[in-house]
Amino acid sequence: MKKINTAPISGMQELLPREQAIFDQIKSQIMQVYHLHGFNHIETPMIDRTEILLAKAGGDTEKQIYKVVKTAETSDDADQALRFDHTVPLARYVVEHQNDLAFPFRVSQFGRNFRGERAQKGRFREFYQMDADIIGRNTLPIGYDAEVVATAFHTLSQFVKTPILVRLSNRKILAGLLEALALTEKSSEIYGIIDHAEKVPAEVTETKLREQVADESKVQTLLQFVQIRGPRAEVAEKLTALGIENETFATGVNELLLILDLLEAQGIGQSVIADMLIIRGLDYYTGTVFETLLPEYKNLGSICSGGRYDNLALNYTEEKFPGVGISIGLTRLFYCLSTNNLLESYQSAPVEYCVVPISDAEIAYAYQVVAQLINQGASVDLCLLDKKLGDKIKYASKVAENVIIIGENEVENRTYQVKNLTTGEQKTFELN
Numbered sequence: 000m001k002k003i004n005t006a007p008i009s010g011m012q013e014l015l016p017r018e019q020a021i022f023d024q025i026k027s028q029i030m031q032v033y034h035l036h037g038f039n040h041i042e043t044p045m046i047d048r049t050e051i052l053l054a055k056a057g058g059d060t061e062k063q064i065y066k067v068v069k070t071a072e073t074s075d076d077a078d079q080a081l082r083f084d085h086t087v088p089l090a091r092y093v094v095e096h097q098n099d100l101a102f103p104f105r106v107s108q109f110g111r112n113f114r115g116e117r118a119q120k121g122r123f124r125e126f127y128q129m130d131a132d133i134i135g136r137n138t139l140p141i142g143y144d145a146e147v148v149a150t151a152f153h154t155l156s157q158f159v160k161t162p163i164l165v166r167l168s169n170r171k172i173l174a175g176l177l178e179a180l181a182l183t184e185k186s187s188e189i190y191g192i193i194d195h196a197e198k199v200p201a202e203v204t205e206t207k208l209r210e211q212v213a214d215e216s217k218v219q220t221l222l223q224f225v226q227i228r229g230p231r232a233e234v235a236e237k238l239t240a241l242g243i244e245n246e247t248f249a250t251g252v253n254e255l256l257l258i259l260d261l262l263e264a265q266g267i268g269q270s271v272i273a274d275m276l277i278i279r280g281l282d283y284y285t286g287t288v289f290e291t292l293l294p295e296y297k298n299l300g301s302i303c304s305g306g307r308y309d310n311l312a313l314n315y316t317e318e319k320f321p322g323v324g325i326s327i328g329l330t331r332l333f334y335c336l337s338t339n340n341l342l343e344s345y346q347s348a349p350v351e352y353c354v355v356p357i358s359d360a361e362i363a364y365a366y367q368v369v370a371q372l373i374n375q376g377a378s379v380d381l382c383l384l385d386k387k388l389g390d391k392i393k394y395a396s397k398v399a400e401n402v403i404i405i406g407e408n409e410v411e412n413r414t415y416q417v418k419n420l421t422t423g424e425q426k427t428f429e430l431n
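Just so you know, we're using numbering that gives the first Met the number 0 here: the sequence shown kicks off at 0 and counts up by one.
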């Protein structure tokens, strides 16, 4: 009989228990920071109507979504798909429950999303995302943009112990530039070229721009634009030097500079630069956009991103619900941190204690020890394997931080001895 392949589908991450323990610790840290910043946790369904998911997606998203096909499909079920992010379902959620929500609505979401991208190292088709968004009703002050960027920085600082750099921009700046250059009809193509500029040699970007823009002076302006990055004063000067007189451009620049000022006031200005290469591929972003990276590990790419979306809910309602949010792709982030040995400070044992009775005679007492530890809030594994003591201890070393061996002396004295499997330190405790 042909054996079935048990390997996970390409692009799907599976973790061993020790890895999952670290993954869960990081997830808990992110959830805690979001909570401290006042975000309310909700969940939306993984499956939604395709017309909802693709209403404002644009780009390659339609080619990447996973359609849901039931064996007994009906007309009502025929057009459903797995969500590819949390933001689009959130827009539907807000419209559906608007009369029961307080605005600005501060919301966090944690869960798996799906995209049929080409699987490769660090890129997954099923991935865990952790989002935090602030949604307004009719209006949302620009100061909230700075708040979510600061939330992203503070969140990453909890588990990333190397310098963090936030790269910030505003899509209105490029939109206004294209308006001023009479290139609006080429917006989609030019946005895509700039969004991929860091992934290809500079001459490739130049060639692609010339394929879209016939006027060489306009090409040079665009090339000058994409090279603008740095601290506030430097970027302000270079943007002014472009000589662009356009209202959308000016609004984007003013919003960008204001957010930089607000982040400076929060004490993280030294970790933020403006960078005109930051566009963000999804079409629903309308203003502020940002990405974060670790300068000492640039190969990781962006580990957290986000931005402002003013029009996402317009596909479902005439009322305006502007929003701004962040997303941490935890599956990819965990993979990148793990492969770069940046998780060594985490305790990787799935449980705190493994209780090992030497023989069947000590099992009843071992259960009492387990009960006491659990009542104290500890996580415990009870090893009942019918094997030699050495094999039991070997098992304990794979699943726990500490081992507790129960023999005749422990039963007689009503004690138990805890041995740390890393340091070898031992302590004796009494059973209450």
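We treat Cβ as the ideally placed atom computed from N, Cα and C, and that holds for glycine.
| Query | Result |
| --- | --- |
| Under the three-state DSSP convention, the category Pro103 falls into | coil |
| Beta-bridge partners of Ala129, as assigned by DSSP | One point to set straight first is that residue 129 is Met, not Ala, in the sequence displayed. Paired residues: Phe109 and Ile327. |
| Validate contact between the region 311-330 and the region 185-204 using beta carbons, cut 8 Å, 3 pairs | no |
| Neighbourhood of Tyr33 by C-beta, 6 Å cutoff - its chain only, sequence neighbours within 5 removed | Ser107 and Ala131 |
| Close Cβ partners of His40 (< 7 Å) along its chain, the five nearest in sequence each way excluded | Ser107 |
| First and last residue of the uninterrupted beta strand (DSSP E) at Gly305 | Cys303 to Tyr308 |
| Beta-carbon gap between Thr220 and Leu180 smaller than 8 Å | yes |
| Cβ neighbours of Asn169 in the same chain (closer than 6 Å, five flanking residues each side left out) | Gly251, Glu254, Leu255, Gly286 and Thr287 |
| Neighbour-count burial assignment, Glu411, 16 or more Cβ in a 10 Å radius | exposed |
| Anticipated Cβ contact below 8 Å, Ile403 with Val355, distance rounded | 7 Å |
| Cβ neighbour criterion (16 or more within 10 Å) applied to Asn419 | exposed |
| Straight-line Cα distance separating Gln157 from Ser378 | 24 Å |
| contact_flag[the region 102-119, the region 221-240] where n(CB pairs < 8 Å) is 3 or more | no |
| Whole-number beta carbon distance between Leu276 and Val225, since they are thought to touch under 8 Å | 6 Å |
| Own chain, CB closer than 6 Å to Gly268, minus 5 neighbours either side, in chain order | Leu262 |
| Cα-Cα separation between Pro140 and Arg279, rounded to whole angstroms | 21 Å |
| Opposing strand residues paired with Phe428 [DSSP bridges] | Tyr415 |
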